[in-house]
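Chemist: I have a structure here, written as structure tokens, and I will follow up with some questions on it.
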């Protein structure tokens with residue numbers, strides 16, 4: 001018998017706090033991991049529409065039918081399907097026109113935002129893609145994104 005009156009071979013029960021903390025941390029980690037891709041954020045930008053050229057007006061009409069569902073009215077965002085295009089990340093010196101047009105034509109993998117990959121919009125002609133790009137750039141400039 002030891003000083004506590006237990007046989008030397010008797011099991012010693014340690015505090016269950018360590019195990020409870022480990023189980024709680026595991027549950028929180030697994031829950032966070034499982035829900036991470038489920039949550040989509042909605043971001044809405046403030047947009048200023050300038051006087052538009054004829055081709056930019058056509059681009060706005062095309063945008064309304066082909067892009068607005070994901071990128072919001074006039075590219076302002078606010079949907080849970082796509083990011084706002086009126087955002088400093090998409091200004092011309094960081095996201096040049098050729099990249100913008102390629103993204104429309106070929107789609108784009110998910111990279112900076114958690115909205116999933118952008119599908120290719122293969123129903124638009126090159127001229128229509130140019131007009132959409134002109135419209136978005138005009139709105140970006142008028143909204144203070146140079």
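In UniProt numbering, the protein residues as written are 1 to 146.
Ideal placement from N, C-alpha and C gives every residue a C-beta, glycine not left out.
Remember, it's a predicted structure, so these values are computed and weren't measured experimentally.
Closer than 7 Å by C-beta to residue 72: which residues in its own chain qualify, once you throw out the five before and the five after it? Chain order, please.
Modeler: Here the question's residue 72 lines up with position 72 in the chain shown. Answer for residue 72: 44, 78, 79 and 84, listed in chain order.
Chemist: Please go through the same chain and pick out, in chain order, the residues whose beta-carbon is closer than 7 Å to the beta-carbon of residue 112, but skip the five residues on each side of it.
Modeler: As a position in the chain shown, residue 112 is number 112, starting the count at 1. Cβ neighbours of residue 112 beyond the five flanking positions: 89.
Chemist: Taking one C-beta from the stretch 54-65 and one from the stretch 120-140 each time, how about it: are there three or more such pairs within less than 8 Å?
Modeler: Yes: the two stretches touch, three or more of their Cβ pairs being nearer than 8 Å.
Chemist: Nearest-angstrom Cα distance between residue 76 and residue 60?
Modeler: Here the question's residue 76 lines up with position 76 in the chain shown. Here the question's residue 60 lines up with position 60 in the chain shown. One C-alpha to the other measures close to 13 Å.
Chemist: From which residue to which residue does the alpha helix (DSSP H) around residue 133 run?
Modeler: Taking the chain shown and counting its residues from 1, one reaches residue 133 at position 133. That run of the alpha helix (DSSP H) goes 126-142.
Chemist: For residue 117, tell me which candidate among 103, 123, 125 and 127 has the shortest Cα-Cα distance.
Modeler: Position 117 of the chain shown, counted from the first residue, corresponds to residue 117. Closest by alpha carbon: 103.
Chemist: Residue 52: which of 69, 68, 66 and 74 sits nearest, CA to CA?
Modeler: Within the chain shown, residue 52 is the residue found at index 52, counting from 1. Minimum Cα distance to residue 52 is reached at 74.
Chemist: Can you have a look at residue 146 and say buried or exposed, based on whether 16 or more other CB atoms are within 10 angstroms of its CB?
Modeler: In the chain shown, the residue the question calls residue 146 occupies position 146. So residue 146 ends up on the exposed side.
Chemist: Let me confirm a value: residue 46 is counted as buried when at least 16 other C-beta atoms fall within 10 Å, else exposed. Which label applies?
Modeler: Here residue 46 corresponds to residue number 46 of the chain shown, with the count starting at 1. Exposed: under 16 other Cβ atoms inside 10 Å.
Chemist: Start and end of the alpha helix (DSSP H) containing residue 111?
Modeler: Along the chain shown, one-based indexing puts residue 111 at 111. Per DSSP, residue 111 belongs to no alpha helix (DSSP H) and is neither H nor E.
Chemist: Alpha carbons only, please: which of 110, 109, 119 and 101 is nearest the one belonging to residue 130?
Modeler: Numbered from its first residue, the chain shown carries residue 130 at position 130. Minimum Cα distance to residue 130 is reached at 101.
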